[in-house]
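In my numbering, the protein residues as written are 6 to 320.
Using N, Cα and C, we set each Cβ at its ideal position, and we do this for glycine too.
Data block below; observations after.
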Amino acid sequence: MATRRALQGDNAERSPELLHFRAFEAIFRLGSLTAAAEHLGLTQPALSKSLSLLRRYYGEDLFIRGKQGMRPTARARLLAPHVVDMLRIADGELRAQAGFEPARSSRVFRISCSEIGAIHFMPRLVASAAALAPGVRFDVVPLLSQQTESMLANGEVDLALGAYMDFGSRVHSQALYEVPYVCLVRQGHPRIGQTMDLAAFRREQHVVASLRDTMHAFSRVEQAIIDVAGSAAITLRVHSLLVAPYVVAQTDHIFTATQHVAQRVAVIPGLRVVECPLPLPSIVVRQYWHSSQSGDPAIAWLRAQIESLFGEDLR
């Protein structure tokens, strides 16, 4: 209600307030008055009043309506990073002052991870939260290589979970656990028994998960296969970790994956796990958060839950 009253106020000549800049950020990010109003819980006329106040204050249009929605002007593009920084700092301070009471919170946590990461992390995290913070909800978003760092920075994502992520110095991380690579083959494979050496690995055909748009370690697996067996050994590329195991269960292909991926898909009939002969080091799975969120007690609580549920002693 406070947001609605502030944006619908009659004093159109006053200087912009924090809530007007929230309207600017929502329009800039979503490119639509309708979507921004829905996101903020406002009517479109209320949002338009806020935009009019900003237009008068800066003396020029900040957005131009077009076929593709609300397009930001050059001035709006210059303002946007400063507005995002201001809102992030303000929200961090407000949350730090308010504290966090898990049992009474209705916070929605946004977590960025892969499909397999969601299968691994979310069941236990949701079950734990249901007991400690029954009003808390979760939103899992894709782990995108070009966007995750900025999403952490502007608060669109609270936490990222994964491995081999090259983030900037303002993104902090904590190692959770280490996991080796294994190979999935079908039951009854005519040439692979209980073990497989590198020579046998080279002779076989391989399926790889080529996840070009995501931050994942499987590109290293693909390169390692090419290094030891040549590119011709890869006869199938798929774009989901959940597709490859079904192919392996019905063919003589090999799928090289981390052990926790193999454990999650081993329930598919016809699969078995053998030791991986590739010289691949184990990966370290981490949780990542932005430095601007370090003072947020809710995100600190979430990190503590994940550490308690999944953290291992890696010394």
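Listed in chain order, the non-local C-beta contacts of Ala134 below 6 Å within the same chain comprise Val141, local neighbours out to five positions each way being set aside. According to the DSSP assignment, Glu154 belongs to the alpha helix (DSSP H) that extends over Thr153 to Ala158.
Below 8 Å, enough C-beta pairs join the region 186-203 and the region 257-277 to call them touching: three or more. Inter-residue distance for Ala249 and Val213 is about 7 Å (C-alpha atoms, whole angstroms). Straight-line spacing of the CA atoms in Ala40 and Ser313 works out to 37 Å. Assigned with DSSP and collapsed to three states, Glu161 falls in coil, not helix or strand. Of the residues assessed, Gly167 falls on the buried side of the cut-off, its CB having 16 or more other CB atoms within 10 angstroms. The alpha carbon of Phe206 has as its nearest neighbour, out of Leu276, Ala138, Cys281 and Ser299, the alpha carbon of Cys281. The three-state secondary structure of Ile197, taken from DSSP, is coil.
In its chain, beyond the 5 residues on either side, His265 and Arg269 have a beta carbon closer than 8 Å to the beta carbon of His125.
Exposed is the label assigned to Arg82, since fewer than 16 other Cβ atoms lie within 10 Å of its Cβ. By the neighbour-count criterion, in which a residue is buried when 16 or more other Cβ atoms sit within 10 angstroms of its Cβ, Pro274 is exposed.
The region 113-129 and the region 148-165 touch, with no fewer than 3 CB-CB distances between them shorter than 8 Å. Inclusion of His25 and Leu58 in the CB contact set at 8 Å is warranted, their separation being smaller than that value.
Contact between Val89 and Glu183 does not hold, since the beta-carbon distance rounds to 35 Å and is not under 8 Å.
Boundaries of the beta strand (DSSP E) around Arg242: Ile239 to Val243. Non-local C-beta neighbours of Asn159 in its own chain, meaning closer than 6 Å and more than five positions away in sequence, comprise Val89, ordered along the chain. DSSP, reduced to helix, strand and coil, places Ile259 within a strand of the structure shown. Of the residues assessed, Asp301 falls on the buried side of the cut-off, its CB having 16 or more other CB atoms within 10 angstroms.
The straight-line gap separating the alpha-carbon atoms of Phe33 and Leu246 is approximately 34 Å.
With contacts defined by Cβ atoms closer than 8 Å, His211 and Ala238 form a contacting pair. With respect to the 8 Å criterion, Val243 and Leu283 are not classified as neighbours on the basis of their beta carbons. DSSP, read as helix, strand or coil, puts Val272 in coil. Sorting Gly198, His177, Gly122 and Gly64 by C-alpha distance to the C-alpha of Phe315 places Gly122 at the top. Rounded to whole angstroms, the separation of the alpha carbons of Leu35 and Ala28 is 11 Å. Here Leu130 really is in contact with Ile311; their C-beta atoms are around 7 Å apart, less than 8 Å. For Trp294, the beta-bridge partners assigned by DSSP are His177. Exclusion of the five residues before and after Asp202 leaves Pro282 as the residues of its chain whose Cβ lies within less than 8 Å of its Cβ. If you look at Arg115, you'll find it in the beta strand (DSSP E) that goes Val113 to Ser117. Residues of the same chain with a CB within less than 7 Å of the CB of Leu92, apart from the 5 flanking positions on each side, are Phe26, Arg27 and Glu30 in chain order.
For Arg112, same chain residues with a beta-carbon under 7 Å away, outside a window of 5 residues either side, are Val141 and Ala303 in chain order.
The three-state reading of DSSP puts Ala168 in coil, since its state is none of H, G, I, E or B.
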